[in-house]
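There are 2 protein chains.
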Amino acid sequence: MWRVRQTVRATTVLEPVALSKQLQKPILIASETFQHTGSFKFRAAYCAALASKFDHLLTASSGNFGAALAYAASLLNKRCTVVMPHASSAVKIAAVKSFGAQVELVETNKISRAERVQQLANEFEDRIDVLSAYDHPMVIAGNSTLGEEIAALVPIGGGGLSAGIIMGLRAKGSKLEVWAAEPAMADDAWRSFAAGEIVSNSSEPGTIADGARTLSLGKLNFEILQKELSGVLVASEAEIEAAVRHLFSAQLKAEPTGALALACLIGARNGQLKGRRPLLIVSGGNVDPAVYGRIITAQD
Amino acid sequence: MWRVRQTVRATTVLEPVALSKQLQKPILIASETFQHTGSFKFRAAYCAALASKFDHLLTASSGNFGAALAYAASLLNKRCTVVMPHASSAVKIAAVKSFGAQVELVETNKISRAERVQQLANEFEDRIDVLSAYDHPMVIAGNSTLGEEIAALVPIGGGGLSAGIIMGLRAKGSKLEVWAAEPAMADDAWRSFAAGEIVSNSSEPGTIADGARTLSLGKLNFEILQKELSGVLVASEAEIEAAVRHLFSAQLKAEPTGALALACLIGARNGQLKGRRPLLIVSGGNVDPAVYGRIITAQD
Numbered sequence: 005m006w007r008v009r010q011t012v013r014a015t016t017v018l019e020p021v022a023l024s025k026q027l028q029k030p031i032l033i034a035s036e037t038f039q040h041t042g043s044f045k046f047r048a049a050y051c052a053a054l055a056s057k058f059d060h061l062l063t064a065s066s067g068n069f070g071a072a073l074a075y076a077a078s079l080l081n082k083r084c085t086v087v088m089p090h091a092s093s094a095v096k097i098a099a100v101k102s103f104g105a106q107v108e109l110v111e112t113n114k115i116s117r118a119e120r121v122q123q124l125a126n127e128f129e130d131r132i133d134v135l136s137a138y139d140h141p142m143v144i145a146g147n148s149t150l151g152e153e154i155a156a157l158v159p160i161g162g163g164g165l166s167a168g169i170i171m172g173l174r175a176k177g178s179k180l181e182v183w184a185a186e187p188a189m190a191d192d193a194w195r196s197f198a199a200g201e202i203v204s205n206s207s208e209p210g211t212i213a214d215g216a217r218t219l220s221l222g223k224l225n226f227e228i229l230q231k232e233l234s235g236v237l238v239a240s241e242a243e244i245e246a247a248v249r250h251l252f253s254a255q256l257k258a259e260p261t262g263a264l265a266l267a268c269l270i271g272a273r274n275g276q277l278k279g280r281r282p283l284l285i286v287s288g289g290n291v292d293p294a295v296y297g298r299i300i301t302a303q304d
Numbered sequence: 005m006w007r008v009r010q011t012v013r014a015t016t017v018l019e020p021v022a023l024s025k026q027l028q029k030p031i032l033i034a035s036e037t038f039q040h041t042g043s044f045k046f047r048a049a050y051c052a053a054l055a056s057k058f059d060h061l062l063t064a065s066s067g068n069f070g071a072a073l074a075y076a077a078s079l080l081n082k083r084c085t086v087v088m089p090h091a092s093s094a095v096k097i098a099a100v101k102s103f104g105a106q107v108e109l110v111e112t113n114k115i116s117r118a119e120r121v122q123q124l125a126n127e128f129e130d131r132i133d134v135l136s137a138y139d140h141p142m143v144i145a146g147n148s149t150l151g152e153e154i155a156a157l158v159p160i161g162g163g164g165l166s167a168g169i170i171m172g173l174r175a176k177g178s179k180l181e182v183w184a185a186e187p188a189m190a191d192d193a194w195r196s197f198a199a200g201e202i203v204s205n206s207s208e209p210g211t212i213a214d215g216a217r218t219l220s221l222g223k224l225n226f227e228i229l230q231k232e233l234s235g236v237l238v239a240s241e242a243e244i245e246a247a248v249r250h251l252f253s254a255q256l257k258a259e260p261t262g263a264l265a266l267a268c269l270i271g272a273r274n275g276q277l278k279g280r281r282p283l284l285i286v287s288g289g290n291v292d293p294a295v296y297g298r299i300i301t302a303q304d
């Protein structure tokens with residue numbers, strides 16, 4: 005883990021005075037938008053790529069893990085192939101390509117990402133390592149480097165970041181509460197947490213938070229989350245977009261998935277966080293200019 | 005200065021790998037977008053407000069110094085009035101008001117900011133301190149706290165930031181070169197530097213970089229710049245907008261004035277910086293959503 009810690013950028017902690025005043029809630033932000041490749045995913049990707057014994061890495065990703073793995077592979081002189089949904093954000097596809105990786109677009113209503121990954125794994129002739137963007141011990145280990153630095157309200161898709169942060173905190177003896185922030189349109193984590201077992205979405209949810217368009221939590225992650233996660237908060241699509249605008253005003257360019265924690269704080273239906281000073285994890289900043297332009301010029 | 009250093013936020017240094025690769029120029033960015041009130045101006049404003057013996061502070065500003073002084077005044081329980089051009093950015097006017105300051109809008113084609121400031125200074129009955137946004141010893145002293153941290157290619161309007169950075173560097177014995185970055189549409193610093201004396205713009209230039217819409221360099225600043233500045237680079241309006249887009253891709257929300265250094269690096273007509281690794285100062289992030297949305301969705 006030493007080499008991972010040396011290579012990742014420390015998170016950027018911000019104390020947005022005007023935003024705290026406006027929302028009448030004292031908040032702290034931990035931004036991973038300045039992490040290599042613009043999201044926290046580089047922590048996991050570099051850790052996993054470094055640990056892999058193979059020279060060709062294959063993954064499925066809506067974009068951020070793909071770009072992170074592509075960059076990590078380029079640093080380590082490995083080959084990289086990324087299966088991405090056809091509807092992926094253009095900047096995310098471009099980012100993966102810019103680091104020299106091969107992009108395989110799939111129409112997810114015809115074939116799932118996982119199936120296409122399996123097809124490719126069979127087709128490729130070199131020795132290949134199939135890496136999950138969120139459900140892999142090295143992914144959790146990589147993400148735990150963020151938990152070592154700080155903690156609290158965390159965007160959730162497959163659960164790799166929240167599980168990683170929990171592991172990082174617990175390894176340091178911290179009992180700090182970790183809450184997950186999820187789009188209401190893709191609330192499988194909330195339902196899984198309530199049911200006590202992994203519940204899947206029937207198809208990839210169409211939420212604007214593309215990092216949370218996963219079908220379900222990872223198994224490894226769910227084991228950790230079931231024991232240690234304090235709860236799951238959900239946010240509507242309108243709240244997610246409002247959160248992007250608030251972060252814009254606070255100078256932070258965040259992608260919709262990155263704004264999930266603030267979105268859930270705005271909603272805060274359940275009041276679970278009441279009285280606490282939440283540390284919001286802003287997990288990434290990669291977003292198409294057209295999408296971002298539309299969101300920031302829209303009205304609340 | 006101890007209390008100023010305690011209160012300002014340290015600058016955020018970023019090393020944008022993808023951007024360096026794309027521009028084929030190795031760059032470093034020092035971002036002041038996360039400074040209190042979203043720009044470097046807080047350094048100067050807090051220093052000047054702290055040093056002032058008066059309880060009412062009056063200034064003219066296109067916005068960032070106004071917001072910074074308003075916030076500084078609120079921290080120090082002082083009254084604050086800000087004269088702003090009628091065409092000021094809406095978010096900048098709102099920011100000044102949000103910190104409890106009084107805004108006086110002027111139509112700069114009818115009466116100059118300086119004249120209106122003088123009128124108000126005569127009208128107000130309490131003891132008042134008229135502070136220049138860029139030409140004041142305490143403004144330079146405040147800005148020098150940034151020079152102590154880092155150095156290099158700096159946006160220039162009235163010259164308060166570049167002079168301050170130079171003072172900060174020289175005070176620490178650093179001979180690091182400092183270059184100024186200016187809109188071609190408002191190139192009075194370039195002309196002043198060439199002429200060896202202060203040359204003014206005939207009216208406030210209409211550049212999109214509203215922080216550089218000053219009529220001329222400050223006298224105090226020019227004395228310092230004439231001796232110590234390595235040169236002035238200029239950028240077209242198109243280059244400034246392209247720089248905003250590049251910084252957007254590098255996750256940094258910068259206002260047009262904040263993107264000046266990168267804009268001049270993109271142009272780099274003169275080649276003066278060739279072979280050096282420029283540290284670009286991104287001075288602020290305050291920009292209207294509509295203006296920002298238009299810039300980032302436009303094509304190069």
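Residue numbers (my numbering), protein chains in the order written: chain X, 5 to 304; chain A, 5 to 304.
Every residue gets a Cβ at the ideal spot worked out from N, C-alpha and C, and that includes glycine.
Bear in mind that the values here come from a model prediction, so they are computed numbers and not experimental data.
Under a 10 Å Cβ-count criterion, X/W6 is classified as exposed, with fewer than 16 other Cβ atoms of the shown protein chains found around its own Cβ.
In the three-state reduction of the DSSP assignment, X/E119 falls in the helix class, which pools H, G and I. Taking 7 Å as the threshold, the shortest C-beta distance from A/G297 to chain X falls below it.
For the 7 Å CB-CB criterion, A/I244 and A/A258 do not form a contact.
For X/H60, the number of other beta carbons within 10 angstroms of its own is at least 16, and it is reported as buried. Identification of chain A residues near X/K257 by a Cβ-Cβ cut-off of 8 Å yields F252, Q255, L256 and K257, ordered along the chain. Counting only the Cα atoms, X/L62 lies some 11 Å from X/Q123. Identification of chain X residues near A/G42 by a Cβ-Cβ cut-off of 7 Å yields Q255, ordered along the chain. The shortest CA-to-CA distance from X/G163 to any of X/L80, X/R298, X/T218 and X/A156 is the one to X/T218. A contact is defined here as three or more CB-CB pairs under 8 Å, and the segment 68 to 83 of chain A meets this definition with respect to the segment 36 to 52 of chain A. Between A/K223 and A/D133 the beta-carbon gap is near 19 Å, outside 8 Å, which marks them as no contact. Annotation for X/A239: the continuous beta strand (DSSP E) segment containing it runs G235 to A239.
The beta-carbon distance between X/L233 and X/A184, rounded to whole angstroms, is 6 Å. This is short enough to meet the 8 Å contact definition. Neighbours of X/S102 across chain A, judged by C-beta separation under 7 Å: A22. Contact check for A/A137 against A/F103 fails: the beta carbons are separated by 7 Å or more. The Cβ-Cβ distance between A/E186 and A/I160 falls below 7 Å. A/I170 is outside the set of residues whose beta carbon lies under 7 Å from a beta carbon in chain X. If the five residues before and after X/A125 are omitted, its C-beta is found closer than 7 Å to the C-beta atoms of L62, I132 and V134, all from its own chain and listed in chain order.
Remark: C-beta atoms of X/A64 and X/V87 approach each other more closely than 7 Å. The Cβ atoms of A/V17 and A/T149 lie no closer than 7 Å to each other.
Residues of the segment 36 to 70 of chain A that bring their beta carbon within less than 7 Å of a beta carbon in chain X comprise T37, F38, H40 and G42, in sequence order. Annotation: X/I97 is outside any beta strand (DSSP E); the continuous alpha helix (DSSP H) that includes it extends over A94 to S102. Restricted to the segment 164 to 228 of chain X, the alpha helix (DSSP H) segments that are unbroken, complete and at least 4 residues in length are 164 to 175 and 192 to 199, listed in chain order. Runs of the alpha helix (DSSP H) lying entirely within the segment 39 to 99 of chain A and spanning at least 4 residues, in chain order: 45 to 55 and 68 to 79. Between X/L80 and chain A, the shortest Cβ-Cβ separation is not below 7 Å. Relative to the Cα of X/I33, the nearest Cα in the group X/S287, X/K57 and X/S204 belongs to X/S287. Closest in C-alpha terms to A/Q106, from the list A/T112, A/R174, A/A77 and A/R298, comes A/A77. Annotation for A/Q106: the continuous beta strand (DSSP E) segment containing it runs Q106 to V110.
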